[in-house]
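A quick write-up on the structure given underneath.
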Amino acid sequence: MPINYKKYFIRKLPFEQRKEIIEEIAESSSPGFDFFLFVILSTSIATMGLITNSPAVIIGAMLVAPLMSPIIGIGLASIIGEDHLLRSGLSALLRGAILAVTLAALLTLVNSYLPFVTFQELTAEVVSRSHPSPLDLVVALAGGLAAAYSLTEPKLSAALPGVAIATAILPPLCAIGVGIALQRWDVAGGATLLFITNAITIAFASALVFFLRGFNPYKPGGNRGLPPSLKLSLVLIFLLLIPLSYYSVQFVRQANADRTINSVVQKIVKDLAHADLVELQINRLEKTLNLELTIRTNKLLRYEQVVALQAKIVEELAEPVSIRVHQYFAEQLDPLIPPTPTFTATVTNTVTPGPSPTATFTATFTATASATPSQTPSPTMTVTSTSTPALARAYLASFPLMRIYQYPGGPVIGLLSQNQVITVLPGERVFADLIWVQIIDQDNRNGWVPKIYINIFTATPEPLETMISVVP
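Counting from 1 along the sequence shown, just add 2 to a position and that's the residue number in this note's numbering.
Written out as structure tokens, the structure is:
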């Protein structure tokens, strides 16, 4: 006896159950106060997760975001021919998307003026949402099918949170706001394509599920063909494959080129400079490849060595290259291998014994000149000014902690608390329109902080008196 698979996988719902599902989706797709409140909250969470590169925070935002309901409502309205539900779903989706993008851009701008998050380079979470691929379309299709099917089966409602995480409607909108705030139009464009792909694919998948479960604008039992809305959605999905495939090819080419550049630079740094490549930042300008190298070495490079390094990289890559090298001095010590003693030549006074003198008395009368008094120079007092470190307190008006950087704009090596006493060393630097000073905290960590966040409370050190004796 053959098994009827259609009976299990395409089981039409009773009319009353379909009516209840339509009412539930219509209510959740209406843009009310609760909808916009959760858009604001979820956008704030997702934006903070993107700029701090925290996947856990972004997952939390996906669970709170209410944008999936309007998309599923659009898919249902396109099947049953309900104009009011279609207008309500489109209104909620568009207004929610505009609110999310605007709020994400504002939050990014505010954080760009604070010293807690640096935007020298985009985080991996933002970059991953600016390069959509056909794989994202497959994920959205599977997520839309799962979401719509879970709504038609009440016992499967527990799967909806996982579906919300998989489809990821909100993070692309937040990535658009981040790209606009930082004027990274490539990021904003890629994230926009990802959002449109997810929205259209989820709407198509949900419409397909509702069609197979018996939702239609006709009377129960009537003959019907494939709705025009499904045909239109399918055409749009195939059209989306064109830019998605283009983005994928470009991304793969760039990734392969970056991998080649990284391997070439790493080998050259190892062979010529006898150093280790810690980090490589690649910036493609119009006619020049700009490389920023961070190396770890036990002997700092000289200018001539950096020039030779650049020439070798240009020769290997066969294109114009400009480089900037950041050096970290590091000495390797092995507890199993004691250091080799270094002998230093020193001058030693050695007394050599000789014959002892013998005293003899000889009577000799010699005229002797009288002693003439002479003036002997007296010691003079010379005042020498010596710069010494000053004490200061960390001043933080709004936030409890401030970061200590290894160098201005560099990696973070520690934190300062409010009113913590620190030592300010002589010398200042200017970076990112801020004056930076070198400090030593209470844990003897030597680093740099912006000068505007500390309060130097000691007076200028008094000159040190040095005694200098003048010998004629």
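Here a beta-carbon is modelled for each residue, glycine too, at the ideal position from N, C-alpha and C.
- A check of alpha carbon separations from residue 455 across 256, 68 and 426 identifies 426 as the nearest.
- Shown here for residue 99: same chain residues with a beta carbon closer than 6 angstroms to its own, the five before and five after excluded, namely 175 in chain order.
- A Cβ-Cβ contact shorter than 7 angstroms links residue 177 with residue 131.
- Residue 172 is a Cβ neighbour of residue 69, given a cutoff of 7 angstroms.
- Contact check for residue 146 against residue 207 passes: the beta carbons are separated by less than 7 angstroms.
- If one requires a minimum length of 4 residues, the alpha helix (DSSP H) runs lying completely within the stretch 167 to 217 are 172 to 183 and 187 to 214, in chain order.
- Apart from sequence neighbours up to five positions away, the residues of its chain that approach residue 243 with a beta-carbon distance below 8 angstroms are 136 and 139, ordered along the chain.
- One thing to note: residue 179 has its Cβ within 7 angstroms of the Cβ of residue 107.
- Using a Cβ-Cβ distance cut-off of 8 angstroms, the stretch 296 to 313 and the stretch 257 to 264 are not in contact, since fewer than three pairs of beta carbons, one from each stretch, lie closer than that value.
- With fewer than 16 other CB atoms across the displayed protein chains lying within 10 angstroms of its CB, residue 258 is exposed.
- In the structure shown, residue 125 falls within a coil segment according to DSSP collapsed to helix, strand and coil.
- Contact between residue 65 and residue 75 does not hold, since their C-beta atoms are separated by about 19 angstroms, which reaches or exceeds 8 angstroms.
- Residue nearest to residue 22 within the set 78, 58, 445 and 128 is 78 (criterion: CA-CA distance).
- Just so you know, the alpha carbons of residue 429 and residue 441 end up roughly 10 angstroms apart.
- Residue pairing by DSSP leaves residue 280 without any beta bridge partner.
- Here the alpha carbon of residue 82 sits roughly 26 angstroms from the alpha carbon of residue 170.
- CA-CA distance, residue 17 to residue 144, rounds to 26 angstroms.
- Sorting 447, 444 and 38 by C-alpha distance to the C-alpha of residue 93 places 38 at the top.
- Leaving aside the five residues that flank residue 251 on each side, none in its chain has a CB nearer than 7 angstroms to its CB.
- Looking only at 321, 410, 290 and 214, the smallest Cα-Cα distance to residue 154 is reached by 214.
- Scanning 322, 310 and 25 for the CA closest to the CA of residue 287 turns up 322.
- Taking the Cα positions, residue 28 is about 23 angstroms away from residue 13.
- For residue 110, the closest alpha carbon among the candidates 52, 212 and 325 is that of 52.
- Residue environment analysis places residue 450 among the buried positions, since at least 16 neighbouring C-beta atoms fall within 10 angstroms of its C-beta.
- Partner residues in the beta bridge of residue 407, as assigned by DSSP, are 414 and 450.
- Take residue 216, set aside five residues on each side of it, and the residues of its chain with a beta-carbon closer than 7 angstroms to its own are 14, 15 and 20, in chain order.
- Ranked by Cα distance from residue 203, the options 73, 309, 151 and 271 are led by 73.
- Straight across, the Cα-Cα distance linking residue 233 with residue 319 is about 49 angstroms.
- If you draw a straight line from the Cα of residue 439 to the Cα of residue 409, it is about 10 angstroms long.
- The straight-line gap separating the alpha-carbon atoms of residue 406 and residue 114 is approximately 18 angstroms.
- If you draw a straight line from the Cα of residue 328 to the Cα of residue 414, it is about 16 angstroms long.
- It is roughly 23 angstroms from the alpha-carbon of residue 199 to the alpha-carbon of residue 85.
- Rounded to whole angstroms, the gap between the alpha carbons of residue 306 and residue 289 is 25 angstroms.
- In the three-state DSSP reduction, residue 97 falls in the helix class (H, G or I).
- Using a 10 angstroms sphere on the CB of residue 30, the tally of other CB atoms reaches 16 or more, which defines it as buried.
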